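Peer 1:
Below, the structure written as structure tokens:
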């Protein structure tokens, strides 16, 4: 085949519809039901069947790459490997006898099947371990959350009874007069030190001296 012919063939392959291996196997089962199957006992395939497939499906909308991948997946399946017993009859695309499985091939199939099952069992065990680990981790979190004491709602501080304050008569706003001064929301005992234009200077019981307006003085 010339380089130009090879290029044309490659381009034709690339234009064919892409299928997954699963879709391709289903297609082969429909196209060659006496050779391929999805259920029941599988039949060992003729040695070199790929070339027969490539020729038979040359004008079909499936690439050789897809065929090769699908054939590999099919022949590595547990059902197919189990069918490859010594002296089992191989079949061609039409289901006709096309050789038998020899002892060496049967041994290889049995070994591949055992390895596949062992790998599957290992994956399942790792998955179960991961699931158990996740389960107990979640359970531990839940138990820890339940054991943690709930935050008690803080009781509001008891409100002090409102003081009965009487406004101080202006005539009593004199130096030395004992009064009550409203500081914030509470009153404190104080003594008038001086009466000034900007306010009344008083000394609180705590010893602190402040200047307040007259309306903050009470008897």
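In my numbering, the protein residues as written are 3 to 221.
Note that beta-carbon positions come from the ideal geometry of N, C-alpha and C, so glycine has one too.
No experiment lies behind these values; they were computed from the predicted model shown.
(1) Tell whether a beta-carbon distance below 8 angstroms holds between residue 51 and residue 96.
(2) In this structure, does DSSP put residue 22 in helix, strand or coil?
(3) Determine, using beta carbons only, whether residue 204 and residue 192 come nearer to each other than 8 angstroms.
(4) Quick check on residue 137: buried or exposed, where buried means 16 or more other Cβ atoms within 10 Å of its Cβ?
(5) Once you ignore the five residues that flank residue 70 on each side, which residues in its own chain have a CB closer than 7 angstroms to its CB?
(6) What residues match up with residue 189 in a beta bridge as DSSP calls it?
(7) Is the beta carbon of residue 103 closer than 8 angstroms to that of residue 89?
(8) Is DSSP giving residue 221 helix, strand or coil here?
(9) In chain order, what residues of the same chain lie with their CB nearer than 7 angstroms to the CB of residue 101, ignoring the 5 residues before and after it?
(10) Let me know the secondary structure DSSP gives residue 57 once reduced to three states.
(11) Taking buried to mean at least 16 other C-beta atoms within 10 Å of its own C-beta, is residue 65 buried or exposed?
(12) Who are the near neighbours of residue 169 in its chain, counting only those whose CB is closer than 7 angstroms to its CB and skipping five residues on each side?
(13) Using only CA atoms, which one of 67, 115, 194 and 149 lies nearest to residue 79?
(14) Going by other Cβ atoms of all chains shown within 10 Å of its Cβ, with 16 needed for buried, is residue 176 buried or exposed?
(15) For residue 51, which three-state DSSP category applies?
(16) In the DSSP assignment, the alpha helix (DSSP H) including residue 107 goes from what residue to what residue?
Peer 2: Reading from the atomic positions:
(1) no
(2) Residue 22 sits in coil when the DSSP states are folded into three classes, being neither helix nor strand.
(3) yes
(4) exposed
(5) 52.
(6) 184.
(7) Between residue 89 and residue 103, the C-beta spacing is below 8 angstroms.
(8) coil
(9) 48, 49 and 92
(10) helix
(11) buried
(12) 220
(13) 115
(14) Classification of residue 176: exposed, given that the 10 Å Cβ count is below 16.
(15) helix
(16) 105-149
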